[in-house]
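Report on the following structure.
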Amino acid sequence: GLYVTLFAVGHTVTLLLGVLAEITISSYVIDAIIGFSVVYKALDNLGAFQRWFGYQPNTKAATLIFGLLHGFGLATKIQEYEISPDGLIPNLIAFNVGVEIGQLMALSAILILMGFWRQTPSFWRHAYTANVAMMSAGFLLMGYQISGLFLTA
239 GLYVTLFAVG HTVTLLLGVL AEITISSYVI DAIIGFSVVY KALDNLGAFQ RWFGYQPNTK
299 AATLIFGLLH GFGLATKIQE YEISPDGLIP NLIAFNVGVE IGQLMALSAI LILMGFWRQT
359 PSFWRHAYTA NVAMMSAGFL LMGYQISGLF LTA
């Protein structure tokens with residue numbers, strides 16, 4: 239509950255702020271940061287911060303910060319389209335509500351599947367592999383986006 243709320247609040251604030259104030263950030267930079275957030279979460283799941291640095295970063299703060307950054311990602315994409323200022327705020331709110339409903343549906347499905355998976359004897363062995371795969375995907379996304387940033391500059 240709380241983490242979903244923090245992410246949604248951050249996401250909503252920067253989506254609205256980014257579009258309404260016309261704040262643009264390179265989509266390559268934002269998408270690289272999104273890749274970094276995937277790597278961060280995989281490392282967090284594996285307990286790497288505690289093991290490597292002897293402390294656990296504030297998960298609530300990280301969730302809010304990554305929500306803020308993800309919102310700028312959507313705002314940047316929305317600004318690529320010509321959107322009439324007539325009814326912009328209600329349309330943005332409706333769009334954001336749709337995005338949040340979609341995220342809640344996806345998260346619900348994942349949590350249900352994770353609940354079943356956690357009950358299997360091989361969960362911990364496969365959970366490690368899944369987090370390494372998630373981290374690898376995050377690094378690939380980061381590399382792809384950083385390459386795109388420099389190749390299109």
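The sequence shown begins at 239 in the numbering used here and counts up by one. C-beta: ideal position from N, C-alpha, C; glycine also.
One question on the structure: do residue i and residue j come within less than 7 angstroms of each other, judged by their Cβ atoms?
i: M380; j: A280; result: no
i: T252; j: F310; result: yes
i: L307; j: I348; result: no
i: Y241; j: T301; result: yes
Considering only residues of the same chain and omitting the five flanking positions on each side of residue i, which have a CB-CB separation below 7 angstroms?
i: I316; result: V257
i: D269; result: G311, L379, Q383
i: L255; result: I261
i: G305; result: L244, F245, A246, V247, G248, H249
i: A332; result: none
Who are the Cβ neighbours of residue i in its own chain at under 6 angstroms, not counting the five residues just before and after it?
i: Q294; result: F287, Q288
Skipping 5 residues on each side, what residues in its chain have a beta carbon closer than 8 angstroms to that of residue i?
i: F388; result: none
i: F274; result: G376, M380
i: S360; result: none
Assess contact between the region 339 to 355 and the region 317 to 328, defined as three or more Cβ pairs (one per stretch) separated by less than 8 angstroms. Is contact present?
no
Going along the chain, which unbroken runs of the beta strand (DSSP E) with 3 or more residues stay wholly within the region 269 to 328?
none
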